[in-house]
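FYI, in this note's numbering the residues of the sequence shown are 201 to 431.
Backbone N, C-alpha and C fix where the C-beta goes; we use that ideal spot for every residue, glycine too.
Just so we're clear, the structure is a prediction, and the values are computed from it rather than from any experiment.
Since the structure comes first, as structure tokens, the remarks are kept for the end.
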Amino acid sequence: MVVAAAVPVDGSMLISSASASASASTVEVRSVWAHNLDQEFALIRSALPFHPFVALDTEYPGVVLTSKNPYCTLTVPQRYDLIRANVDVLSIVQVGLTLSDAAGNLPCFLYNDGTFVRYVWEFNFCDFDIDRDRYAPSSVELLEANGIDFQKNKAWGIDYHRFAMHLVASGLLSLGQFSVVSWVTFQGAYDFAFLVKMLTGGKKLPQSLHEFLGLVRFFFGERVFDVKHLT
201 MVVAAAVPVD GSMLISSASA SASASTVEVR SVWAHNLDQE FALIRSALPF
251 HPFVALDTEY PGVVLTSKNP YCTLTVPQRY DLIRANVDVL SIVQVGLTLS
301 DAAGNLPCFL YNDGTFVRYV WEFNFCDFDI DRDRYAPSSV ELLEANGIDF
351 QKNKAWGIDY HRFAMHLVAS GLLSLGQFSV VSWVTFQGAY DFAFLVKMLT
401 GGKKLPQSLH EFLGLVRFFF GERVFDVKHL T
């Protein structure tokens, strides 16, 4: 039984039902650029009421600042200091968002030809300039090997200010209010650090871990999970 349907701006129809989702054998990665950012956030807004679990992943040009001491010996505040130092000088390359319901079903869309397709999203940013910005060569090589075209990103990518505005308007964020949206990451400190940086207009991250966690709670609420630390 179809329990909800919405018609997004690209002409496909969102179908919210377990049976429809199960019949969708194809998962489409929606590649988002400056020209289709509005359209893709419209799709996300239509799916969010039925798929309030958001998996987050980011791609960035590596770690350029390291500690003199082994990472495993650092205290939690020292690890935050290292993350903060890197995020402050780095630019985001890509953000991945995957929405699902409590059963793990992805948003299922019905095309005019009767085809069911499930969507996930990758947002490509223009802010990193490989000719100007700092990066770790091995990380950039890995990103290029996995399909990142830095010149294309620079020419056609999203300005992070626009992304942040859409994120605020999308319903994905808590913004200090109660929210049913759950955010899920794996080893996600850098993921949230980059989003906090974008959402605060590119400002440097707070000096203290306590202040940073306060911003994470404000923007993303209390339902934030890092599966690396779940038992």
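For Glu422, the secondary structure class from DSSP, reduced to helix, strand or coil, is coil. About 17 Å separates the CB atoms of Val427 and Val320; that is not less than 8 Å, and the two are not in contact. Bridge pairing for Asp257: Gly296 [DSSP]. Secondary structure of Asn324 (DSSP, three-state): strand. Burial check for Glu411: the Cβ neighbour count within 10 Å stays below 16, so the residue is exposed. If you compare the alpha carbons of Phe325, Phe250 and Ala234 with that of Glu259, the shortest gap goes to Phe325. Bridge partners of Arg318 according to DSSP: Val227 and Cys308.
Pairing Leu214 with Ala355, the inter-Cα distance amounts to about 31 Å. Counting C-beta pairs closer than 8 Å gives fewer than three between the region 366-384 and the region 267-282, which falls short of the contact rule. Here DSSP, grouped into helix, strand and coil, assigns Trp356 to helix. Non-local beta-carbon contacts of Arg423 in its own chain, meaning distances under 8 Å to residues more than five positions away in sequence, involve Ser379, Val380, Val381, Ser382 and Trp383 in chain order. Under the DSSP assignment, Val289 falls in the alpha helix (DSSP H) whose first and last residues are Val276 to Val289. Distances from the alpha-carbon of Lys403 to those of Val264, Arg284, Thr275 and Glu322 put Arg284 closest.
The beta carbon of Gly357 is closer than 8 Å to those of Trp233, Ala234, Asn324, Phe325, Cys326 and Asp327 in its chain, skipping five residues each way along the sequence. Pairwise C-beta distances place the region 297-306 in contact with the region 245-253, as three or more of them are shorter than 8 Å.
A straight-line Cα-Cα distance of about 55 Å links Tyr311 and Lys268. The beta carbon of Ser339 sits closer than 7 Å to the beta carbons of Pro261 and Gly262 from its chain, once the five residues preceding and following it are set aside; these are given in chain order. Leaving aside the five residues that flank Val416 on each side, the residues in its chain whose CB is nearer than 6 Å to its CB run, in chain order, Phe392. In the DSSP assignment, Ser246 falls within the alpha helix (DSSP H) that extends over Leu237 to Ala247. Relative to the Cα of Glu240, the nearest Cα in the group Arg332, Leu395 and Gly296 belongs to Gly296. For Ser339, the enclosing alpha helix (DSSP H) covers residues Pro337 to Ala345.
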